[in-house]
Amino acid sequence: MKEISFDEYAPQVLQTLPRGAFLTVSHGGRANTMTIGWGSLGVIWGKPIFSVLVRPSRFTFGLLEAGGEFTVSIPLTDMSKALGICGNKSGRDLDKFAAAGLKKLPGIKLATPVIGGAGLHYECKVVCRQPITASLLEPSLGSTCYPSGDHHTIYYGLIEACWQE
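For the sequence shown, this note's numbering assigns the number 2 to the initial residue and increments by one for each residue that follows.
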C-alpha cells in the first residue's frame with residue numbers, strides 16, 4: 002500500500018471511470034458495492050472531493066445515507082466481469098462480493114472497505130448531498146438519462162485517503 006496525492010492519477014481516473022469503477026458503502030456491519038460510470042474528481046470548497054451519483058431506488062442509497070462515507074476503487078487492470086455483476090445485480094438479493102469473487106480490504110482511514118485488486122482507492126466522507134431536481138435539469142438530459150424519473154442524488158465526498166495497492 003502506498004498513500005498518494007488524490008490527483009496523482011486524475012487523468013487516468015477520468016478515462017477509466019466511464020468503463021466502470023466500484024462504489025462501496027457500509028453501515029451496521031453490512032457492506033455493498035455497485036458499479037459506477039459517472040463521477041467527478043476535483044477541488045470544491047478548497048478541499049479534494051470525489052463526487053458520485055446514486056439513485057434512491059438503489060440498495061446502495063440507503064447504506065450510503067446511513068453510513069455517511071464511501072470508497073471508490075478504480076480498476077487498473079481488467080475487472081469487467083466483476084463490474085458487470087456489480088452493475089446488474091442488487092445487494093438486496095445477494096452478496097455481490099461473493100458473486101463477483103471480490104475481496105474486501107479494510108480502508109486505511111475509514112470503516113468502509115475497498116475492493117482488493119482494483120489498484121487505486123479513494124476513501125471519502127460525505128460532506129454534502131444534493132438530489133437532482135428535474136425542473137433544474139436540461140430537458141434533453143432529463144429525457145435521456147431519467148426516462149423513469151429516478152433522479153440521482155449527488156454525494157460530495159471529502160477524500161480522506163487515496164492509495165494504490
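The C-beta atom is built at its ideal place from N, Cα and C for all residues, glycine as well.
Do you know how far the Cα of Y123 is from the Cα of A52?
-> Per the sequence shown, residue 52 should be read as Ser rather than Ala. Cα to Cα, S52 sits roughly 11 Å from Y123.
Compute the beta-carbon to beta-carbon distance between L103 and I116, rounded to the nearest angstrom, for a pair I have assumed lies under 8 Å.
-> 5 Å
Nearest-angstrom Cα separation, counted from K82 out to E161 = 29 Å
Complete beta strand (DSSP E) runs within the region 36-120 (minimum length 3 residues, chain order) = Restricting attention to beta strand (DSSP E) runs no shorter than 3 residues, the region 36-120 encloses them at 40-45, 48-55 and 70-76, ordered along the chain.
With 16 other Cβ atoms within 10 Å as the buried cut-off, status of C129 = exposed
With 16 other CB atoms within 10 Å as the buried threshold, where does N89 fall?
-> exposed
If you measure from the beta carbon of G150 to each beta carbon in chain D, is any gap under 8 Å?
-> Looking for chain D here will not work: only one protein chain is present.
Pull up the DSSP beta-bridge partners for A162, would you.
-> E124
L24 beta carbon near the ligand ATP (any heavy atom closer than 7 Å) | This structure lacks the ligand ATP; in fact it carries no ligand of any kind.
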